[in-house]
């Protein structure tokens, strides 16, 4: 397998002091596609080869590190989130969070402004899907279409994860080798049983992620934003743009009920479910993912022509 060259990374300086690291693929004249990664994941979890294939499919691809992750700015406070606080939020008790899903969605819209992009197609995975949904609700004029993948509505009765997975998300064993070990075990816990990822690829990505900067407290802060998010079901019903849901039938991190509920909440939404897929982006399914994203974007273009 050949390794694609990484593009040049840039920084967007947003209102409020947030700095987002980002890079791009393809022609700026192509259909803009904003990729939003999930909990604790830097933009490089969007594999460079996948991004290049998306560019070949006619997109101007933008991927970025969410705030508090990778090369983007960390939270200004050194506040550490305890497991007890996460557990309190997990069971639905009122729990203050350093930032909310709304803030992360506002970051995404502000990044488009920085790039001079009026509106974009948006593909978000896991927490990134929650951000994409929230962006479509809060900034409807900035979103052309949405692909919400392995995500959920915020309603607690759907898209649930097993409680034993919560402590595993918080980094315990220090050092690079501890992080690599956690990523390998995590792949077994929540990855796709029908499409197991080679261990050398997991190790390579773990090393890259570690080198970009891994912070246990930052992951915990993002987790708290996820656990304290509101139920968007009613607001999702107001989304007018083409919307697609992608979910794995064996997802242990976000149960497939979350994907089904999302599709049911958005008028005209399409849903694609994959057997053997867990909570990751199996290389074997990239062509199918790209097909869904392209088809959803084309639905938006068809609406524009018709109008």
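Numbering (my numbering), first residue to last: 305 to 611. Beta carbons are placed, not taken as given, at the ideal position from N, Cα and C, and that holds for glycine.
Start and end of the beta strand (DSSP E) containing residue i?
{"i": "residue 425", "result": "424 to 429"}
{"i": "residue 421", "result": "Careful: residue 421 lies outside any beta strand (DSSP E) and carries neither H nor E."}
{"i": "residue 587", "result": "No beta strand (DSSP E) holds residue 587; DSSP gives it neither H nor E."}
{"i": "residue 481", "result": "Where residue 481 is concerned, there is no enclosing beta strand (DSSP E), although the alpha helix (DSSP H) it sits in stretches over 479 to 494."}
{"i": "residue 576", "result": "574 to 578"}
{"i": "residue 453", "result": "447 to 453"}
Kindly indicate which three-state DSSP category residue i falls into: helix, strand or coil?
{"i": "residue 462", "result": "coil"}
{"i": "residue 336", "result": "strand"}
{"i": "residue 592", "result": "helix"}
{"i": "residue 318", "result": "coil"}
{"i": "residue 323", "result": "strand"}
{"i": "residue 367", "result": "strand"}
{"i": "residue 394", "result": "helix"}
{"i": "residue 538", "result": "helix"}
{"i": "residue 328", "result": "strand"}
{"i": "residue 341", "result": "coil"}
{"i": "residue 550", "result": "strand"}
{"i": "residue 306", "result": "A caution first: residue 306 carries a pLDDT of 49, below 50, which makes its placement in the model unreliable, though a value can still be read off. Coil at residue 306, not helix or strand."}
{"i": "residue 356", "result": "helix"}
{"i": "residue 545", "result": "coil"}
{"i": "residue 616", "result": "Residue 616 cannot be examined here, being either before or after the span of the chain that is shown, 305 to 611."}
{"i": "residue 438", "result": "helix"}
{"i": "residue 404", "result": "coil"}
{"i": "residue 498", "result": "coil"}
{"i": "residue 362", "result": "coil"}
{"i": "residue 457", "result": "coil"}
I need the straight-line Cα distance from residue i to residue j, nearest angstrom please.
{"i": "residue 490", "j": "residue 362", "result": "33 Å"}
{"i": "residue 583", "j": "residue 351", "result": "15 Å"}
{"i": "residue 357", "j": "residue 460", "result": "35 Å"}
{"i": "residue 553", "j": "residue 576", "result": "10 Å"}
{"i": "residue 410", "j": "residue 320", "result": "11 Å"}
{"i": "residue 390", "j": "residue 532", "result": "9 Å"}
{"i": "residue 400", "j": "residue 606", "result": "43 Å"}
{"i": "residue 499", "j": "residue 602", "result": "28 Å"}
{"i": "residue 515", "j": "residue 480", "result": "9 Å"}
{"i": "residue 348", "j": "residue 370", "result": "11 Å"}
{"i": "residue 305", "j": "residue 541", "result": "Any reading at residue 305 must be qualified, since the residue scores a pLDDT of 48, below 50, and its modelled position is unreliable; the value itself is stated next. Each residue's Cα considered, the two are about 43 Å apart."}
{"i": "residue 353", "j": "residue 359", "result": "10 Å"}
{"i": "residue 527", "j": "residue 372", "result": "12 Å"}
{"i": "residue 335", "j": "residue 482", "result": "40 Å"}
{"i": "residue 314", "j": "residue 325", "result": "6 Å"}
Under the criterion of a Cβ to heavy atom distance below 8 Å, does residue i qualify as lining the ligand GTP?
{"i": "residue 385", "result": "Questions concerning the ligand GTP fall outside what the structure shown contains, since it holds no ligand whatsoever."}
Which residues mark the beginning and the end of the alpha helix (DSSP H) in which residue i is found?
{"i": "residue 521", "result": "520 to 531"}
{"i": "residue 373", "result": "Taken as a continuous stretch (DSSP letters only), residue 373 belongs to no alpha helix (DSSP H), as it is neither H nor E."}
{"i": "residue 566", "result": "560 to 569"}
{"i": "residue 503", "result": "503 to 516"}
{"i": "residue 383", "result": "Element bounds for residue 383: n/a, residue is neither H nor E."}
Between the options, which lies nearest to residue i when the distance is taken from Cα to Cα?
{"i": "residue 572", "options": "330, 480 and 600", "result": "600"}
{"i": "residue 494", "options": "505, 559 and 566", "result": "559"}
{"i": "residue 469", "options": "555, 416 and 421", "result": "555"}
{"i": "residue 536", "options": "403, 436, 381 and 402", "result": "436"}
{"i": "residue 330", "options": "339, 366 and 345", "result": "366"}
{"i": "residue 340", "options": "462, 452 and 392", "result": "452"}
{"i": "residue 578", "options": "557, 570, 549 and 458", "result": "549"}
{"i": "residue 546", "options": "458, 447 and 383", "result": "447"}
{"i": "residue 421", "options": "505, 328 and 563", "result": "328"}
{"i": "residue 425", "options": "338, 318 and 587", "result": "338"}
{"i": "residue 486", "options": "506, 384 and 497", "result": "506"}
Any contact of the segment 432 to 439 with the segment 503 to 522, i.e. 3+ C-beta pairs under 8 Å? Of all C-beta pairs linking the segment 432 to 439 to the segment 503 to 522, fewer than three are shorter than 8 Å, placing the two stretches out of contact.
Stretch-stretch touch, CB-based, cutoff 8 Å, three pairs: the segment 401 to 418 with the segment 441 to 451: The segment 401 to 418, when compared against the segment 441 to 451, does touch it at the 8 Å Cβ threshold.
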